[in-house]
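S.K.:
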Amino acid sequence: NACELRDIMKLEHVPVLCGISFKEGEKAETPFPLKWYPDELAWQHTAPKLAIKKNPDFKKFHQWLVSETEAGHISRQEAVSMIPPLLLDVKPHHYVLDMCAAPGSKTAQLIEALHADNITQSNNVPTNDSDQKRAHMLVRQVKRLQSPCVLVTNHDAGQFPSIILDKGDRATKKKQLSFDRILADVPCSGDGTIRKNAVIWQKWRIGDALGLHKTQVKILFRGAQILKEHGRIVYSTCSLNPIENEAVIAEVLLRSNGNLHLVDVSNELPEFKRLPGLPTWKVMDKEQQWVEKWEDLPPNKQRQLAKSLWPPANSSEMNLER
Numbered sequence: 001n002a003c004e005l006r007d008i009m010k011l012e013h014v015p016v017l018c019g020i021s022f023k024e025g026e027k028a029e030t031p032f033p034l035k036w037y038p039d040e041l042a043w044q045h046t047a048p049k050l051a052i053k054k055n056p057d058f059k060k061f062h063q064w065l066v067s068e069t070e071a072g073h074i075s076r077q078e079a080v081s082m083i084p085p086l087l088l089d090v091k092p093h094h095y096v097l098d099m100c101a102a103p104g105s106k107t108a109q110l111i112e113a114l115h116a117d118n119i120t121q122s123n124n125v126p127t128n129d130s131d132q133k134r135a136h137m138l139v140r141q142v143k144r145l146q147s148p149c150v151l152v153t154n155h156d157a158g159q160f161p162s163i164i165l166d167k168g169d170r171a172t173k174k175k176q177l178s179f180d181r182i183l184a185d186v187p188c189s190g191d192g193t194i195r196k197n198a199v200i201w202q203k204w205r206i207g208d209a210l211g212l213h214k215t216q217v218k219i220l221f222r223g224a225q226i227l228k229e230h231g232r233i234v235y236s237t238c239s240l241n242p243i244e245n246e247a248v249i250a251e252v253l254l255r256s257n258g259n260l261h262l263v264d265v266s267n268e269l270p271e272f273k274r275l276p277g278l279p280t281w282k283v284m285d286k287e288q289q290w291v292e293k294w295e296d297l298p299p300n301k302q303r304q305l306a307k308s309l310w311p312p313a314n315s316s317e318m319n320l321e322r
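Take the sequence shown: its letters are residues 1 to 322, numbered as in our numbering.
Printed below as a string of structure tokens:
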């Protein structure tokens, strides 16, 4: 199980990996557990991927990684990708939906949480992606986990269909399935990945976020519609733009008429470094002009830009800093 793998990592591999040189005398940092991940079940190694593959000193470690990954025991992913599933707080009895799941690293984490008590679950995890090729990629990712709970769908997340439960008894009223936990890791501009993706510097445009905002709102609101009472939905992007984050949250909170509220998770993942959300923000149009409020736009631009791009009048009451 996970704890056994952690102990193998600590006792067998970490001592050997200490101080290995991989490039012109440059030494690899000793692998270390992420402080904010529970029970030391997530580890980080800073050696380049190619060095781990090619350097003979890493051979045993590399073979172990490959075999355990293929067996579905280990998932290799960026640390930042692990945060949304953790904050979703999935329990083994939950019904879970991953609305924009491909390539599947977060989905794998959700499935692992469902099996945390080593109990075979009967409830499925619908994992969805709107792109057919990415949905096939998702199948490959979750197949290695050998879980009976996974259901892969290929659908527009903003129009995710209602799932009707048929008990097989005509006398029993059919029931619409709703979910205890929903992950909405929506399509985004990706401007938060500039640290690793130099292409973003060349291709980034102001219009990227302006065009994605409506899609993001649509997906999150659909998720809210099929969420159980007292359920939890986590919205995430890899963007730093408030138009793709706080503005989306604010619009869905407005549409929910008080049926949704932001959860204070400041006490969860206590070692995790974070900053508060923004209660207000500025909006720039495609001509790179700052626009203070939607009403200042000429009629033709009002039809192009959603009013929800701007902070609502009561944004200070929405606890957007959570």
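Using N, Cα and C, we set each Cβ at its ideal position, and we do this for glycine too.
1. With distance defined between alpha-carbon atoms, name the residue in A157, S256, N124 nearest to C149.
2. Please tell me whether V252 and L297 are closer than 8 angstroms, where the distance is taken between their beta carbons.
3. Since G158 contacts T215 with CB under 8 angstroms, what's their CB separation in whole angstroms?
4. Hey, out of E317, L11, Y235, whose CA is closest to A101's CA?
5. Ends of the alpha helix (DSSP H) at G207?
6. Taking the beta strand (DSSP E) that F272 belongs to, which residues open and close that run?
7. Counting C-beta neighbours from all protein chains within 10 Å, is the total for V179 16 or more, i.e. buried, or is it exposed?
8. For the stretch 306-320 and the stretch 272-282, state whether three or more C-beta atom pairs, one from each stretch, are separated by less than 8 angstroms.
9. Taking the straight line between their C-alpha atoms, what separation do you get for K173 and A51?
10. How long is the line joining the alpha carbons of V14 and P31, rounded to whole angstroms?
11. When you compare only the Cα positions, how much space is there between L210 and E244?
12. Closer than 6 angstroms by C-beta to A113: which residues in its own chain qualify, once you throw out the five before and the five after it? Chain order, please.
13. Tell me whether the beta-carbon of I233 lies closer than 8 angstroms to the beta-carbon of I182.
14. If you compare alpha carbons, which of S189, D285, G104, P33 is closest to H323?
15. Counting only beta-carbon atoms, is S178 nearer than 8 angstroms to chain B?
16. Starting from F58, follow the beta strand (DSSP E) in both directions and report where the run begins and ends.
17. Using a threshold of 8 angstroms, state whether the C-beta atoms of G192 and S239 are closer than that.
18. Under 8 angstroms between the Cβ atoms of Q44 and S75?
19. Per DSSP, what kind of secondary structure is T237 in: helix, strand or coil?
20. Which residue wins for smallest C-alpha separation from L262, given the options K301, A198, L87?
21. Tell me whether D185 is buried or exposed, calling it buried when 16 or more other Cβ atoms sit within 10 Å of its Cβ.
22. Closest to A250 by C-alpha separation, out of W310, A47, M9, would be which residue?
23. Taking only runs that begin and end inside the stretch 67-107, name each unbroken alpha helix (DSSP H) of 4 or more residues, in chain order.
24. Which residue's Cα is closest to the Cα of D57: A198, S21, D7?
25. Would you decide whether C188 is buried or exposed? Buried here means 16 or more other CB atoms lie within 10 Å of its CB.
M.R.: According to the structure data:
1. Against the sequence shown, residue 149 aligns to sequence position 149. Ranking A157, S256, N124 by Cα distance to C149 puts N124 first.
2. Mapped onto the sequence shown, residue 252 falls at position 252. Mapped onto the sequence shown, residue 297 falls at position 297. At a Cβ-Cβ threshold of 8 angstroms, V252 and L297 do not count as neighbours.
3. Here residue 158 refers to the residue found at position 158 of the sequence shown. Here residue 215 refers to the residue found at position 215 of the sequence shown. At roughly 6 angstroms, the Cβ-Cβ gap stays under 8 angstroms, so G158 and T215 are in contact.
4. Residue mapping note: residue 101 aligns to position 101 of the sequence shown, counting from 1. Closest by C-alpha distance to A101, out of E317, L11, Y235, is Y235.
5. Mapped onto the sequence shown, residue 207 falls at position 207. Element bounds for G207: 206-225.
6. Residue 272 sits at position 272 when you count from the first residue of the sequence shown. It is not in any beta strand (DSSP E) - F272 carries neither H nor E in the DSSP assignment.
7. Translated into the one-based positions of the sequence shown, residue 179 becomes position 179. Checking the sequence, you will find Phe at residue 179 rather than Val. Buried.
8. yes
9. Against the sequence shown, residue 173 aligns to sequence position 173. Against the sequence shown, residue 51 aligns to sequence position 51. In a straight line, the C-alpha of K173 is about 59 angstroms away from that of A51.
10. Within the sequence shown, numbered from 1, the residue matching residue 14 stands at position 14. Within the sequence shown, numbered from 1, the residue matching residue 31 stands at position 31. Roughly 6 angstroms between the two C-alpha positions.
11. Residue mapping note: residue 210 aligns to position 210 of the sequence shown, counting from 1. Residue mapping note: residue 244 aligns to position 244 of the sequence shown, counting from 1. Looking at the two C-alpha atoms, the distance is approximately 8 angstroms.
12. Sequence index remark: in the sequence shown, residue 113 carries index 113 (1-based). Same-chain partners within the cutoff: V90.
13. Locating residue 233 in the sequence shown gives position 233, counting from the first residue. Locating residue 182 in the sequence shown gives position 182, counting from the first residue. Contact: yes.
14. Residue 323 cannot be examined here, being either before or after the span of the chain that is shown, 1 to 322.
15. This model lacks chain B altogether, as it is built from one protein chain only.
16. Working through the sequence shown from its first residue, we reach residue 58 at position 58. That residue, F58, is in no beta strand (DSSP E); it is neither H nor E in DSSP.
17. What you label residue 192 is simply residue 192 of the sequence shown in a count that begins at 1. What you label residue 239 is simply residue 239 of the sequence shown in a count that begins at 1. In this structure, S239 lies closer than 8 angstroms to G192 by Cβ.
18. In the sequence shown, the residue the question calls residue 44 occupies position 44. In the sequence shown, the residue the question calls residue 75 occupies position 75. Going by C-beta atoms, Q44 is not nearer than 8 angstroms to S75.
19. Along the sequence shown, one-based indexing puts residue 237 at 237. Collapsing the DSSP output to three states places T237 in coil.
20. In the sequence shown, the residue the question calls residue 262 occupies position 262. When each option's Cα is compared against that of L262, the closest is L87.
21. Reading the sequence shown from its first residue, position 185 is the one you call residue 185. The residue is buried, with at least 16 neighbouring Cβ atoms inside 10 Å.
22. Here residue 250 is taken as the residue at index 250 of the sequence shown, counted from 1. Checked all of W310, A47, M9; the closest Cα to A250 is W310.
23. 83-88
24. Mapped onto the sequence shown, residue 57 falls at position 57. It is S21.
25. As a first step, residue 188 must be located in the sequence shown, where it is residue number 188. Flag for C188 reads buried.
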